[in-house]
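Participant:
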Amino acid sequence: MKSKIRTQLLERRSVLTDKEIQAKSEIIIAKLEELLEFKSAKNILTYVSFNNEVDTHPLIKKYLITKSKSIIVPKVIGERLRLFKITSFSDLKAGKSNILEPVNGEEFVSDKLTISDLILVPGIAFDKEKNRIGYGKGYYDKLLKTTRAKKIALAFDLQIAEKIPAEEHDVQVDKIITEKSIIE
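Using our numbering, the final residue of the sequence shown is 436, and nothing's skipped along the way.
Given below as C-alpha coordinates:
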(Lines of atoms letter the chains of each structure in order from A; the text may use other names.)
(Lines give C-alpha, C1' and ligand atoms only; values in the text may rest on other atoms or scores of the structure.)
Protein backbone atom coordinates (compact mmCIF):
# COMPACT_ATOMS: atom_id res chain seq x y z
CA MET A 253 0.00 0.00 0.00
CA LYS A 254 2.76 2.46 0.93
CA SER A 255 4.69 1.76 -2.26
CA LYS A 256 1.55 2.43 -4.31
CA ILE A 257 0.98 5.78 -2.53
CA ARG A 258 4.69 6.60 -2.89
CA THR A 259 4.54 5.98 -6.67
CA GLN A 260 1.31 7.98 -7.12
CA LEU A 261 2.54 10.99 -5.15
CA LEU A 262 5.96 11.03 -6.82
CA GLU A 263 4.14 11.10 -10.17
CA ARG A 264 1.93 13.95 -8.94
CA ARG A 265 4.95 15.93 -7.80
CA SER A 266 6.88 15.26 -11.02
CA VAL A 267 4.50 17.42 -13.08
CA LEU A 268 5.47 20.59 -11.22
CA THR A 269 7.55 22.98 -13.31
CA ASP A 270 10.70 24.61 -11.91
CA LYS A 271 8.79 27.90 -11.78
CA GLU A 272 5.93 26.32 -9.80
CA ILE A 273 8.37 24.65 -7.40
CA GLN A 274 10.13 27.96 -6.80
CA ALA A 275 6.91 29.94 -6.27
CA LYS A 276 5.31 27.35 -3.98
CA SER A 277 8.57 26.83 -2.06
CA GLU A 278 8.88 30.57 -1.39
CA ILE A 279 5.37 30.61 0.11
CA ILE A 280 6.08 27.54 2.25
CA ILE A 281 9.42 28.91 3.53
CA ALA A 282 7.81 32.29 4.33
CA LYS A 283 5.14 30.49 6.41
CA LEU A 284 7.86 28.49 8.17
CA GLU A 285 9.83 31.62 9.07
CA GLU A 286 6.71 33.15 10.67
CA LEU A 287 6.27 30.25 13.10
CA LEU A 288 7.24 30.88 16.72
CA GLU A 289 8.99 27.49 16.74
CA PHE A 290 11.22 28.63 13.89
CA LYS A 291 11.91 32.07 15.33
CA SER A 292 12.99 30.63 18.69
CA ALA A 293 15.05 27.70 17.32
CA LYS A 294 18.82 27.94 17.57
CA ASN A 295 19.53 24.78 15.58
CA ILE A 296 17.76 23.91 12.33
CA LEU A 297 18.27 20.39 11.04
CA THR A 298 17.15 20.51 7.43
CA TYR A 299 17.15 18.20 4.48
CA VAL A 300 18.96 19.51 1.41
CA SER A 301 16.30 19.45 -1.29
CA PHE A 302 16.78 17.65 -4.58
CA ASN A 303 14.69 17.02 -7.68
CA ASN A 304 11.25 18.48 -7.12
CA GLU A 305 11.08 18.68 -3.32
CA VAL A 306 10.21 21.92 -1.52
CA ASP A 307 13.38 23.93 -2.17
CA THR A 308 15.41 24.39 1.03
CA HIS A 309 18.53 25.83 -0.66
CA PRO A 310 17.56 29.53 -0.23
CA LEU A 311 16.71 28.92 3.44
CA ILE A 312 20.02 27.18 4.08
CA LYS A 313 21.99 29.92 2.31
CA LYS A 314 20.14 32.71 4.13
CA TYR A 315 20.87 31.39 7.62
CA LEU A 316 24.45 30.44 6.78
CA ILE A 317 24.99 34.08 5.76
CA THR A 318 23.16 35.68 8.71
CA LYS A 319 24.52 33.10 11.18
CA SER A 320 21.42 33.66 13.32
CA LYS A 321 20.78 29.90 13.39
CA SER A 322 23.03 26.88 13.20
CA ILE A 323 22.36 24.81 10.09
CA ILE A 324 22.66 21.05 10.42
CA VAL A 325 22.29 18.74 7.44
CA PRO A 326 22.14 14.95 7.15
CA LYS A 327 24.36 12.53 5.30
CA VAL A 328 23.68 8.82 4.90
CA ILE A 329 26.71 6.83 5.96
CA GLY A 330 26.22 3.08 5.95
CA GLU A 331 22.76 2.39 7.32
CA ARG A 332 22.33 5.55 9.34
CA LEU A 333 21.78 9.23 9.02
CA ARG A 334 24.69 11.24 10.43
CA LEU A 335 24.37 14.95 11.06
CA PHE A 336 26.82 17.74 10.29
CA LYS A 337 26.80 21.41 11.26
CA ILE A 338 27.88 23.38 8.20
CA THR A 339 29.13 26.96 7.95
CA SER A 340 29.00 27.46 4.18
CA PHE A 341 26.89 26.20 1.28
CA SER A 342 30.19 25.17 -0.32
CA ASP A 343 30.47 22.54 2.45
CA LEU A 344 27.93 20.60 0.35
CA LYS A 345 28.85 18.50 -2.69
CA ALA A 346 26.84 16.12 -4.88
CA GLY A 347 26.98 12.64 -3.41
CA LYS A 348 24.88 9.50 -3.66
CA SER A 349 21.97 9.94 -6.11
CA ASN A 350 23.33 13.42 -6.90
CA ILE A 351 21.98 14.75 -3.57
CA LEU A 352 24.02 17.53 -1.99
CA GLU A 353 25.60 16.31 1.22
CA PRO A 354 28.20 17.66 3.63
CA VAL A 355 31.86 17.04 2.82
CA ASN A 356 33.02 19.53 5.44
CA GLY A 357 31.48 20.38 8.75
CA GLU A 358 31.49 19.40 12.37
CA GLU A 359 29.63 16.20 13.21
CA PHE A 360 26.56 16.99 15.28
CA VAL A 361 25.14 14.38 17.66
CA SER A 362 21.33 14.20 17.48
CA ASP A 363 21.19 14.01 21.30
CA LYS A 364 22.19 17.70 21.29
CA LEU A 365 18.89 18.66 19.63
CA THR A 366 16.56 20.10 22.27
CA ILE A 367 12.83 20.70 22.41
CA SER A 368 13.46 24.26 21.19
CA ASP A 369 15.27 23.07 18.03
CA LEU A 370 13.66 22.24 14.71
CA ILE A 371 13.87 19.39 12.21
CA LEU A 372 12.63 20.07 8.69
CA VAL A 373 11.43 16.71 7.47
CA PRO A 374 11.24 15.64 3.82
CA GLY A 375 8.73 13.18 2.50
CA ILE A 376 6.75 12.00 -0.48
CA ALA A 377 3.29 11.86 1.07
CA PHE A 378 1.57 13.15 4.19
CA ASP A 379 -1.95 13.06 5.61
CA LYS A 380 -3.98 15.31 7.90
CA GLU A 381 -3.09 13.11 10.90
CA LYS A 382 0.56 14.14 10.28
CA ASN A 383 1.68 10.70 9.12
CA ARG A 384 4.33 10.61 6.42
CA ILE A 385 5.75 8.36 3.77
CA GLY A 386 9.41 8.93 3.08
CA TYR A 387 11.65 7.36 0.50
CA GLY A 388 11.43 3.93 2.11
CA LYS A 389 14.73 3.51 3.95
CA GLY A 390 13.52 4.61 7.41
CA TYR A 391 16.46 6.96 8.05
CA TYR A 392 14.29 9.81 9.28
CA ASP A 393 12.00 7.56 11.36
CA LYS A 394 15.06 6.32 13.28
CA LEU A 395 16.23 9.89 13.86
CA LEU A 396 12.80 11.29 14.74
CA LYS A 397 12.23 8.57 17.36
CA THR A 398 15.27 9.67 19.33
CA THR A 399 14.75 13.43 19.51
CA ARG A 400 12.52 15.90 21.31
CA ALA A 401 13.07 18.60 18.67
CA LYS A 402 10.00 19.89 16.83
CA LYS A 403 9.38 18.05 13.57
CA ILE A 404 7.98 20.12 10.71
CA ALA A 405 7.36 18.72 7.24
CA LEU A 406 7.59 20.95 4.20
CA ALA A 407 5.34 19.74 1.38
CA PHE A 408 3.36 20.85 -1.62
CA ASP A 409 -0.40 20.66 -1.17
CA LEU A 410 -0.57 17.94 -3.84
CA GLN A 411 1.48 15.70 -1.51
CA ILE A 412 -1.35 15.51 1.03
CA ALA A 413 -3.03 12.12 0.74
CA GLU A 414 -6.42 11.10 2.12
CA LYS A 415 -4.98 8.53 4.56
CA ILE A 416 -1.55 7.03 5.00
CA PRO A 417 -1.25 3.59 6.59
CA ALA A 418 0.90 4.12 9.68
CA GLU A 419 3.07 1.33 11.02
CA GLU A 420 4.51 0.93 14.51
CA HIS A 421 7.96 2.28 13.53
CA ASP A 422 6.55 5.36 11.74
CA VAL A 423 6.93 8.72 13.48
CA GLN A 424 4.42 11.51 12.96
CA VAL A 425 5.52 15.09 12.42
CA ASP A 426 4.29 17.94 14.61
CA LYS A 427 3.20 20.16 11.70
CA ILE A 428 3.01 20.10 7.92
CA ILE A 429 3.40 23.34 5.99
CA THR A 430 2.11 23.55 2.43
CA GLU A 431 1.61 26.54 0.18
CA LYS A 432 -2.11 26.44 1.08
CA SER A 433 -2.23 25.49 4.76
CA ILE A 434 -0.53 24.52 7.98
CA ILE A 435 -1.67 21.17 9.35
CA GLU A 436 -1.31 21.04 13.14
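C-beta atoms are modelled at their ideal positions from N, C-alpha and C, and glycine is treated no differently. The structure displayed is predicted, hence computed values, not measured ones.
Going by the beta-carbon positions, is the gap between K314 and P354 smaller than 8 angstroms?
Facilitator: Cβ atoms of K314 and P354: not closer than 8 angstroms.
Participant: Report buried or exposed for Y299, applying the criterion of at least 16 other Cβ atoms within 10 angstroms of its Cβ.
Facilitator: Counting Cβ neighbours within 10 Å, Y299 comes out buried, since at least 16 surround it.
Participant: Which value, in whole angstroms, describes the spacing of the CA atoms of E285 and K291?
Facilitator: If you take the alpha carbons of E285 and K291, they lie about 7 angstroms apart.
Participant: Using the three-state DSSP reduction, which class does L261 fall into: helix, strand or coil?
Facilitator: If DSSP states are grouped into helix, strand and coil, L261 belongs with the helices.
Participant: If you run the structure through DSSP and keep just helix, strand and coil, what is N303?
Facilitator: The answer is coil: DSSP assigns N303 none of H, G, I, E or B.
Participant: Could you tell me whether any non-hydrogen atom of the ligand SAM is closer than 7 angstroms to the CB of T399?
Facilitator: Because no ligand of any kind appears in the structure shown, any question about the ligand SAM cannot be addressed here.
Participant: Within 10 angstroms of the Cβ of L395, are there 16 or more other Cβ atoms? Answer buried if so, exposed if not.
Facilitator: Looking at its Cβ environment, which holds 16 or more other Cβ atoms inside 10 Å, L395 is buried.
Participant: Give the single residue among V306, F360, E359 whose Cα lies nearest to the Cα of K283.
Facilitator: The option with the nearest alpha carbon to K283 is V306.
Participant: Would you check if the distance between the CB atom of L262 and the CB atom of L365 is smaller than 8 angstroms?
Facilitator: Taking 8 angstroms as the Cβ cut-off, L262 and L365 do not qualify as a contacting pair.
Participant: Quick check: the Cα distance between N295 and F408, rounded to an integer number of angstroms?
Facilitator: Cα to Cα, the separation comes out at about 24 angstroms.
Participant: Per DSSP, L288 forms a beta bridge with which residues?
Facilitator: Looking at the DSSP assignment, L288 forms no beta bridge with any residue, so it has no partner.
Participant: Helix, strand or coil for N295, going by three-state DSSP, please let me know.
Facilitator: N295: strand per DSSP, three-state reduction.
Participant: Can you give me the C-alpha to C-alpha distance between F378 and R384, rounded to a whole angstrom?
Facilitator: When rounded, the distance between both Cα atoms is 4 angstroms.
Participant: Beta carbon of I338, beta carbon of I317: below 8 angstroms?
Facilitator: No, Cβ-Cβ distance for I338 and I317 is not below 8 angstroms.
Participant: With distances taken Cα to Cα, identify the nearest neighbour of G330 among S342, K348, L344.
Facilitator: The shortest Cα separation from G330 among S342, K348, L344 belongs to K348.
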